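Novice: Below is the structure I would like to discuss, written out as C-alpha cells.
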Amino acid sequence: MMGLVNEVIEKTTTLGLVDFLPVLRWVDFRSKRKAMDMYRKIKLTWGSIIQERRSSKGSDHESRSDSQDFLDIVLADSSFSEDQIGNALMELLIGATDSTTITTVWLMVELIRNQEILSRVREEIAQTVTGDKPSESLLSQCHYFQACIKETLRLHVPAPLLVPHRATETCKVNNYVIPKDSMILVNAWGIARDPDYWNDATVFKPDRFLDAKIGFRGTHFEYLPFGTGLRMCPGSTVAFKNIQMLVGSLLHYFDWSLPGGEALTAIDMNEKYVTTLKKEEPLLLIPKLRYKN
32 MMGLVNEVIE KTTTLGLVDF LPVLRWVDFR SKRKAMDMYR KIKLTWGSII
82 QERRSSKGSD HESRSDSQDF LDIVLADSSF SEDQIGNALM ELLIGATDST
132 TITTVWLMVE LIRNQEILSR VREEIAQTVT GDKPSESLLS QCHYFQACIK
182 ETLRLHVPAP LLVPHRATET CKVNNYVIPK DSMILVNAWG IARDPDYWND
232 ATVFKPDRFL DAKIGFRGTH FEYLPFGTGL RMCPGSTVAF KNIQMLVGSL
282 LHYFDWSLPG GEALTAIDMN EKYVTTLKKE EPLLLIPKLR YKN
C-alpha cells in the first residue's frame, strides 16, 4: 500500500509540458493515460480491501466496537458507494502518511544532530513517564518535547507551498492584480525562515516556542505548517499527536547511532521537493534498547 501511495504522489506531481502550456491540455494524452492507470490501480486496491472487510462482517473483529476503524464505520452507512468510500480513504491515506512521515524523520534528524536538546527531551520524558509506558496524555505534558515538534514543523515545513488555491475572480491585493483562475501558492517555507519574524531563523531552537503563544492552528501567519482558514489541514491535531507518540516512544525505549560509528553531525541534510519537502536520502539509524524489561 505504501508503494502505491508513493507512486500516486510521484506521478501526480511530475511536471509536464501541459503545466507550462495549458493550451495543450486537450492533447496531453500521456498525462491522461497515467491518470487513468493510477485510478484503476487505486480502485482495484481499495476494492479488494473493502470487499474483504465486508466479508468479515459478523466476525469477532466486527463485533468489538473498540477495534473498529474508519473503514468499519463508513461501511456501516449504506448510503456511501464503493467509489466514494475508496476515494475518501485514499485522500486520508495520502494526506496523512507522507507529511507525518516527513516530519517524524526531520524531528529525529534534528534531535540526533543536537545531542544537548535530545538529552533534555529524554530527561523530560523520563520525569513525566516515571516507569509507565509513554501515552498520549503523559507526552502531552512534555512541553519542551512539544516545542521540538513545533520547531521541526517550522524549519522543515512538510508542504512548503501549502495546498494550491485558485482565484475565483479577479482581485487586487497590495496593489498586485491577481487574474481570475490564477493558481495561488503561499510560500510557507519562506515565511517560516524570515529573519524579520524569527531570530536565528535557520537554526533549530525549540526554546523559541516555550514562551511564545504561537500555535499551529493557523492563527499566527508567521507560522503556517498546516495552512490556515477553512481549508487548513483538518488532521493537524491528529498528526501532531501521532508524531508526539511515535517519536516519544522511539526516544524513550532506544538509543540511536549512525551506521559505521559516523559522527552524529554527519547526517546528510539535503532535501528533495515534490509537493512535500522530504529528506533526499533515507535516514539510517541503529537502535539500541535502553531497557532490558
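Numbering of the sequence shown is given in our numbering, commencing with residue 32 and proceeding in unit increments.
Here a beta-carbon is modelled for each residue, glycine too, at the ideal position from N, C-alpha and C.
Please read all numbers here as calculations on a predicted model, not as lab measurements.
I'd like to know if the segment 199-210 and the segment 295-308 are in contact, where contact means that at least 3 CB-CB pairs between them fall below 8 Å.
Specialist: Taking 8 Å as the limit for Cβ pairs, the verdict is that the segment 295-308 does not touch the segment 199-210.
Novice: Whole angstroms are fine: how far does the CA of G258 sit from the CA of V194?
Specialist: Looking up residue 194 in the sequence shown gives position 163. Looking up residue 258 in the sequence shown gives position 227. If you take the alpha carbons of V194 and G258, they lie about 8 Å apart.
Novice: Terminal residues of the continuous beta strand (DSSP E) containing K309?
Specialist: Numbered from its first residue, the sequence shown carries residue 309 at position 278. First-last of the beta strand (DSSP E) with K309: L308 to K310.
Novice: Mind checking E182: buried by the 16 CB within 10 Å criterion, or exposed?
Specialist: Here residue 182 is taken as the residue at index 151 of the sequence shown, counted from 1. Looking at its Cβ environment, which holds 16 or more other Cβ atoms inside 10 Å, E182 is buried.
Novice: With burial defined as no fewer than 16 other Cβ atoms inside 10 Å of the residue's Cβ, what is the status of H174: buried or exposed?
Specialist: Counting from one through the sequence shown, the residue named residue 174 turns up at place 143. It counts as exposed.
Novice: Below 8 Å between beta carbons: does that hold for A232 and P226?
Specialist: Mapped onto the sequence shown, residue 232 falls at position 201. Mapped onto the sequence shown, residue 226 falls at position 195. Taking 8 Å as the Cβ cut-off, A232 and P226 qualify as a contacting pair.
Novice: With DSSP as the reference, label C264 as helix, strand or coil.
Specialist: Your numbering for residue 264 matches position 233 in the sequence shown. Looking at C264 - three-state DSSP - the assignment turns out to be coil, as it is neither helix nor strand.
Novice: Is R197 helix, strand or coil when you go by DSSP?
Specialist: Here the question's residue 197 lines up with position 166 in the sequence shown. In the structure shown, R197 sits in a strand (DSSP, three-state: E or B).
Novice: Nearest-angstrom Cα distance between I215 and R239?
Specialist: Here residue 215 is taken as the residue at index 184 of the sequence shown, counted from 1. Here residue 239 is taken as the residue at index 208 of the sequence shown, counted from 1. Cα to Cα, I215 sits roughly 30 Å from R239.
Novice: Identify the residues that DSSP records as bridge partners of E302: which are they?
Specialist: As a first step, residue 302 must be located in the sequence shown, where it is residue number 271. Bridge partners of E302: K310.
Novice: For K203 and chain B, any beta-carbon pair shorter than 8 Å?
Specialist: The structure shown contains no chain B, having only a single protein chain.
Novice: Can you tell me whether T135 is buried or exposed, with buried defined as 16 or more other CB within 10 angstroms of its CB?
Specialist: Counting from one through the sequence shown, the residue named residue 135 turns up at place 104. Buried, by the Cβ-count rule.
Novice: Hey, out of G78, F176, E253 and E293, whose CA is closest to Q115's CA?
Specialist: On the sequence shown, residue 115 is found 84 positions in, with the first residue counted as 1. It is G78 whose Cα lies nearest to the Cα of Q115.
Novice: Determine the contact status of L149 and I143, defining contact as a CB-CB distance below 8 Å.
Specialist: Locating residue 149 in the sequence shown gives position 118, where the first residue counts as 1. Locating residue 143 in the sequence shown gives position 112, where the first residue counts as 1. Yes, they are a contact pair.
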